[in-house]
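A.B. asks:
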Amino acid sequence: DAKTTQPNSMESNEEEPVHLPCNHSTISGTDYIHWYRQLPSQGPEYVIHGLTSNVNNRMASLAIAEDRKSSTLILHRATLRDAAVYYCILRDAGNYQLIWGAGTKLIIKP
Amino acid sequence: NAGVMQNPRHLVRRRGQEARLRCSPMKGHSHVYWYRQLPEEGLKFMVYLQKENIIDESGMPKERFSAEFPKEGPSILRIQQVVRGDSAAYFCASSPSDRLPPGYGYTFGSGTRLTVV
């Protein structure tokens, strides 16, 4: 069973920032927070990960709550190509398995 | 540097036939992971293989499903006597070893979409 909770879907306008929330209230000290996205008819694509501190890369930013029970994936300026299902996944440092929930379907309106 | 390659992209089989799905890992990767995705759901882990070894098949149904990763060639996921419920997208990912940093981001193939008619 997925250890994360995400909204089923979200809508945003093109060129605007998007904040995708994820709750993981049972996170353990060794769990890393990973985000993947899946474009239509494609395989999942790694986006970003973090442990405690906020993280930035060329694709997105990850904001992690101080108690680590929630996190937010931030797309700073969404484009139509960002329309996808976004998955928030906890992965223990010693585990190779990814346990997927249903994710958040992000709809971008032109 | 090619990514994870899966073929075929689409596969249609009649009930009772066999389905063979292939996954070529990234260059230099010797570990492969297979996942299944039903419509509107997240991926579910099936099996983890190293070359010539099955490491973890805890997510794979005991009947009709098998997987292999030979010394040479791609990893194969084989489904015998397919049923309608096997219709799904099957994805594989690969890694260079079993000692991965906790932040390792897997690269997935584009998947094989199996339709059983």
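Quick mapping for you: the protein sequence lines, in order, are chains L and X.
Per our numbering, residue 1 is the first one in the first sequence, and the count goes up by one each step.
Per our numbering, residue 1001 is the first one in the second sequence, and the count goes up by one each step.
No residue lacks a Cβ here, since even glycine has one placed at the ideal position from N, Cα and C.
Predicted model, so just to flag it, every value in this text is computed and none were measured.
Whose Cβ in chain X lies nearer than 9 Å to the Cβ of proline 40 of chain L?
C.D. replies: By one-based count along the first sequence, residue 40 of chain L stands at place 40. The premise fails here: proline 40 of chain L is roughly 11 Å from chain X at the closest Cβ pair, so nothing lies under 9 Å.
A.B. asks: Considering threonine 79 of chain L, what are the terminal residues of the beta strand (DSSP E) in which it resides?
C.D. replies: Start at 1 with the first residue of the first sequence, and residue 79 of chain L comes out as number 79. Careful: threonine 79 of chain L lies outside any beta strand (DSSP E) and carries neither H nor E.
A.B. asks: For arginine 1020 of chain X, collect the residues of the same chain with a Cβ closer than 7 Å to its Cβ; drop the 5 residues on either side in sequence, then sort them by chain order.
C.D. replies: For the purposes of this step, residue 1020 of chain X is taken as residue 20 along the second sequence, with counting starting at 1. Same-chain partners within the cutoff: Ile1076 and Arg1078.
A.B. asks: Starting from the Cα of valine 1083 of chain X, find the closest Cα among X/Phe1045, X/Glu1052, X/Ile1054 and X/Arg1014 and give me that residue.
C.D. replies: If you number the second sequence from 1, residue 1083 of chain X lands on position 83. A check of alpha carbon separations from valine 1083 of chain X across X/Phe1045, X/Glu1052, X/Ile1054 and X/Arg1014 identifies X/Arg1014 as the nearest.
A.B. asks: Roughly how many angstroms separate the alpha carbons of asparagine 57 of chain L and glutamine 1017 of chain X, rounded to a whole number?
C.D. replies: Indexing the first sequence from 1 puts residue 57 of chain L at position 57. Indexing the second sequence from 1 puts residue 1017 of chain X at position 17. Each residue's alpha carbon lies about 46 Å from the other.
A.B. asks: Would a check of beta-carbon distances place proline 1008 of chain X closer than 8 Å to chain L?
C.D. replies: Within the second sequence, numbered from 1, the residue matching residue 1008 of chain X stands at position 8. Cβ-Cβ to chain L under 8 Å: no for proline 1008 of chain X.
A.B. asks: If you follow the beta strand (DSSP E) that histidine 1029 of chain X is in, where does it begin and where does it stop?
C.D. replies: In the second sequence, residue 1029 of chain X corresponds to position 29, counting from 1. Element bounds for histidine 1029 of chain X: n/a, residue is neither H nor E.
A.B. asks: So, helix, strand or coil for aspartate 1086 of chain X, using DSSP?
C.D. replies: For the purposes of this step, residue 1086 of chain X is taken as residue 86 along the second sequence, with counting starting at 1. Helix.
A.B. asks: Who are the neighbours of tyrosine 1090 of chain X on chain L, taking C-beta pairs under 8 Å?
C.D. replies: As a working note, residue 1090 of chain X is residue 90 in the second sequence. Those do not exist, as tyrosine 1090 of chain X stays about 10 Å from chain L at its closest Cβ, beyond 8 Å.
A.B. asks: Can at least three beta-carbon pairs, one atom from the region 85 to 105 of chain L and one from the region 25 to 32 of chain L, be found at a separation below 8 Å?
C.D. replies: Yes, the region 85 to 105 of chain L is in contact with the region 25 to 32 of chain L.
A.B. asks: Comparing alpha-carbon positions, which option in L/Ile99, L/Ala83 and L/Trp100 lies nearest valine 18 of chain L?
C.D. replies: Here residue 18 of chain L corresponds to residue number 18 of the first sequence, with the count starting at 1. Comparing Cα positions, the closest option is L/Ala83.
A.B. asks: With 16 as the cutoff for other CB atoms within 10 Å, does serine 41 of chain L come out buried or exposed?
C.D. replies: For the purposes of this step, residue 41 of chain L is taken as residue 41 along the first sequence, with counting starting at 1. Per the 10 Å Cβ criterion, exposed.
A.B. asks: Which residues in the same chain have their Cβ closer than 6 Å to the Cβ of cysteine 22 of chain L, if we skip the five residues on either side of it in sequence?
C.D. replies: Walking along the first sequence from the start, residue 22 of chain L turns up at place 22. If we look at cysteine 22 of chain L and ignore the five residues flanking it on each side, its Cβ neighbours are Thr4, Gln6, Ser71 and Cys88.
A.B. asks: When you compare only the Cα positions, how much space is there between valine 1004 of chain X and threonine 52 of chain L?
C.D. replies: Residue numbering aside, residue 1004 of chain X sits at position 4 when the second sequence is read from its first letter. Residue numbering aside, residue 52 of chain L sits at position 52 when the first sequence is read from its first letter. Distance between the alpha carbons of valine 1004 of chain X and threonine 52 of chain L: 30 Å.
A.B. asks: Quick one: what's valine 1047 of chain X bridged to in DSSP?
C.D. replies: Here residue 1047 of chain X refers to the residue found at position 47 of the second sequence. Looking at the DSSP assignment, valine 1047 of chain X forms a beta bridge with X/Trp1034.
A.B. asks: Taking buried to mean at least 16 other C-beta atoms within 10 Å of its own C-beta, is aspartate 1086 of chain X buried or exposed?
C.D. replies: By 1-based counting over the second sequence, the position of residue 1086 of chain X is 86. So aspartate 1086 of chain X counts as buried.
A.B. asks: Out of curiosity, what's the CA-to-CA distance linking tyrosine 1106 of chain X and tyrosine 46 of chain L?
C.D. replies: The residue you call residue 1106 of chain X lines up with position 106 of the second sequence. The residue you call residue 46 of chain L lines up with position 46 of the first sequence. Their Cα atoms are separated by approximately 6 Å.
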